[in-house]
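As you go down the protein sequences, you meet chains B and W in turn. Using numbering that gives the first Met the number 0, you'd call the opening residue of the first sequence number 0 and step up by one each time. Using numbering that gives the first Met the number 0, you'd call the opening residue of the second sequence number 0 and step up by one each time. C-beta atoms are modelled at their ideal positions from N, C-alpha and C, and glycine is treated no differently. Okay, so here's the structure we're looking at.
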Amino acid sequence: MADTTFTDQNFEQDVLKNNLPVLVDFWAPWCAPCRIVSPIVEELAKEYEGKLKVGKLNVDENPENASKYGVMSIPSLIIFKNGHPIKTVIGAQGKENFKKAIDEALSA
Amino acid sequence: MYDVIIIGSGPAGLTSAIYTTRASLKTLVVAGGKWGGQLMLTTLVENYPGFPEGIQGPDLMLAMRKQAERFGAEFIDENFEESDFTKLPFRITAAGKTFEGKSVIIATGADTRWLDVPGEKEKIGRGVSSCAPCDAFFFKNKKTIVIGGGDSAMEEAIVLANFAESVTVVHRSEALRASQIMQDKARKNPKIKFIFNTEVKKILGDDHVTGVELLNNKTNETSKIDIDGVFVAIGHIPNTKIFKGIELDKKGYVRVHDHTRTNIEGVFVAGDVHDSHYRQAVTAAGFGCAAALEAERWLRDQE
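Listed below in structure tokens is the structure:
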């Protein structure tokens with residue numbers, strides 16, 4: 000599913016306790032570079048279905064986890080595995096870059 | 000095979016694309032991973048003609064892109080990697096794919112000039128930023144500094160002041176370079192303070208910014224202040240070093256021959272990548288138009 004939404008309420012269950020690795024896109028409606036990354040994240044969600052759970056977290060509405068994981072610039076994409084952040088990609092970039100980071104994280 | 004490959008997707012590149020597609024030239028825009036250029040990192044743009052109330056920078060860029068797409072421009076949202084201008088067709092590589100074009104317009108613009116001091120690079124996105132509109136939110140009730148004395152430093156400070164507890168503009172000389180209107184806006188804001196004749200020597204902190212080391216270049220005194228965020232606004236550097244065979248000037252900008260031509264026939268240039276003088280969205284768009292017209296004329300002459 001491309002439109003998974005993570006929140007401070009479901010973060011523990013859906014991200015930290017997920018059996019799959021999880022990619023969280025920290026974003027906000029006022030962030031222009033996030034609008035560039037958003038459609039890419041949706042494509043990644045489809046391409047990695049079954050291997051990686053992909054979803055978005057709105058930092059305006061969910062400040063707790065943004066601050067807990069040290070997000071100070073968005074878009075920030077963080078990949079979690081077994082409840083821990085294992086890879087962070089900060090800033091808008093091409094899809095190939097994101098795929099490289101995901102592939103590295105998945106094979107780690 | 001494309002008639003024109005445009006590298007870059009700021010006002011120059013997108014205006015070129017609008018003109019080449021309307022001239023029925025098959026056009027590819029190598030837009031980059033973060034397309035849209037410097038205006039994507041701004042808020043309200045009040046000096047682009049046609050928008051009496053101003054327009055948000057990202058909205059302006061989205062509108063330009065839609066306009067180019069409407070006339071058939073193709074886009075690849077990946078970073079340019081390599082060029083081969085030694086023979087025709089020219090070859091451009093992006094994300095591992097190679098594209099062929101009969102002509103090229105270089106419109107890669109300019110990127111943030113960082114301070115290049117210890118502690119900076121590894122903390123970009125961790126307290127070091129060049130985009131207050133993007134990151135100010137994370138500095139709610141925190142202490143921040145803005146480095147620079149021009150219009151963009153004033154804008155960064157004003158945007159930051161909406162969130163931060165304090166904003167201190169640190170400038171290395173004794174007077175601001177910013178336009179009067181921007182200076183007045185910043186000076187009127189009670190949260191914004193100014194320190195002159197001062198340079199940042201080091202950014203402190205392990206995994207995020209906790210302070211900076213400053214040097215007063217008049218007295219040679221050093222000091223340390225505790226802060227949470229460093230916003231860098233000291234200008235831009237042209238994105239030129241990746242083009243093999245393209246002649247640059249002393250400052251590293253693409254050298255222009257006879258309007259918008261580069262030293263290689265069939266390769267044209269537009270916008271901040273060659274223009275160190277005006278550096279405005281509207282002049283970049285104008286240069287984009289000129290380069291497209293020149294490319295069209297050159298292609299016609301080749302037939």
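So, is residue i buried or exposed, given that buried needs 16 or more other C-beta atoms within 10 angstroms?
{"i": "K45 of chain B", "result": "exposed"}
{"i": "A62 of chain W", "result": "exposed"}
{"i": "H273 of chain W", "result": "buried"}
{"i": "P132 of chain W", "result": "buried"}
{"i": "G36 of chain W", "result": "buried"}
{"i": "D115 of chain W", "result": "exposed"}
{"i": "S129 of chain W", "result": "buried"}
{"i": "A109 of chain W", "result": "buried"}
{"i": "G12 of chain W", "result": "buried"}
{"i": "T167 of chain W", "result": "buried"}
{"i": "G54 of chain B", "result": "buried"}
{"i": "Q301 of chain W", "result": "exposed"}
{"i": "G53 of chain W", "result": "exposed"}
{"i": "N64 of chain B", "result": "buried"}
Check the Cβ-Cβ distances between residue i and every residue of chain W, and say whether any is below 9 Å.
{"i": "I39 of chain B", "result": "yes"}
{"i": "A104 of chain B", "result": "no"}
{"i": "D7 of chain B", "result": "no"}
{"i": "P32 of chain B", "result": "yes"}
{"i": "D24 of chain B", "result": "no"}
{"i": "D13 of chain B", "result": "no"}
{"i": "D59 of chain B", "result": "yes"}
Within 9 Å (strictly less), CB to CB, does residue i reach chain B?
{"i": "R125 of chain W", "result": "yes"}
{"i": "K200 of chain W", "result": "no"}
{"i": "K33 of chain W", "result": "yes"}
{"i": "L40 of chain W", "result": "yes"}
{"i": "F138 of chain W", "result": "yes"}
{"i": "Q37 of chain W", "result": "no"}
{"i": "G108 of chain W", "result": "no"}
{"i": "D300 of chain W", "result": "no"}
{"i": "S128 of chain W", "result": "yes"}
{"i": "N262 of chain W", "result": "no"}
{"i": "E77 of chain W", "result": "yes"}
{"i": "G118 of chain W", "result": "no"}
{"i": "D206 of chain W", "result": "yes"}
{"i": "A94 of chain W", "result": "yes"}
Alpha carbon to alpha carbon, how far is residue i from residue j?
{"i": "E264 of chain W", "j": "V103 of chain W", "result": "10 Å"}
{"i": "K67 of chain B", "j": "F5 of chain B", "result": "14 Å"}
{"i": "H276 of chain W", "j": "V169 of chain W", "result": "24 Å"}
{"i": "V229 of chain W", "j": "M153 of chain W", "result": "14 Å"}
{"i": "Q179 of chain W", "j": "H235 of chain W", "result": "21 Å"}
{"i": "D150 of chain W", "j": "N17 of chain B", "result": "47 Å"}
{"i": "I77 of chain B", "j": "L298 of chain W", "result": "47 Å"}
{"i": "A1 of chain B", "j": "E41 of chain B", "result": "Confidence at A1 of chain B is low in this model, with a pLDDT of 49, below 50, so its placement is unreliable and the value that follows should be read with caution. Taking the straight line joining both Cα atoms gives about 5 Å."}
{"i": "T14 of chain W", "j": "D83 of chain W", "result": "24 Å"}
{"i": "I202 of chain W", "j": "G118 of chain W", "result": "5 Å"}
{"i": "D205 of chain W", "j": "Q66 of chain W", "result": "45 Å"}
{"i": "N215 of chain W", "j": "R34 of chain B", "result": "41 Å"}
{"i": "V199 of chain W", "j": "N9 of chain B", "result": "42 Å"}
{"i": "F89 of chain W", "j": "M0 of chain W", "result": "10 Å"}
{"i": "F74 of chain W", "j": "A290 of chain W", "result": "19 Å"}
{"i": "F193 of chain W", "j": "T42 of chain W", "result": "23 Å"}
Pull up the DSSP beta-bridge partners for residue i, would you.
{"i": "A109 of chain W", "result": "W:P237"}
{"i": "S165 of chain W", "result": "W:K142"}
{"i": "I123 of chain W", "result": "W:V127"}
{"i": "P84 of chain B", "result": "B:F79"}
{"i": "K52 of chain B", "result": "B:V21"}
{"i": "I39 of chain B", "result": "DSSP, once it has assigned bridges, lists no residue as partnering I39 of chain B."}
{"i": "N57 of chain B", "result": "B:W26"}
Using a Cβ-Cβ cut-off of 9 Å, state whether residue i counts as contacting chain A.
{"i": "E95 of chain B", "result": "Included in the structure are the protein chains B and W, with no chain A among them."}
message = Threshold first: 3 residues or longer. Then list the beta strand (DSSP E) segments lying entirely within the segment 198 to 254 of chain W, N to C.
response = 210 to 215, 221 to 225, 228 to 231 and 235 to 237
task = Within the segment 40 to 92 of chain W, note down every full alpha helix (DSSP H) run reaching 4 residues or more, in order along the chain.
result = 56 to 69
task = Scan the segment 266 to 300 of chain W and note each continuous beta strand (DSSP E) run of 3 residues or more that stays entirely inside, going in chain order.
result = 266 to 268
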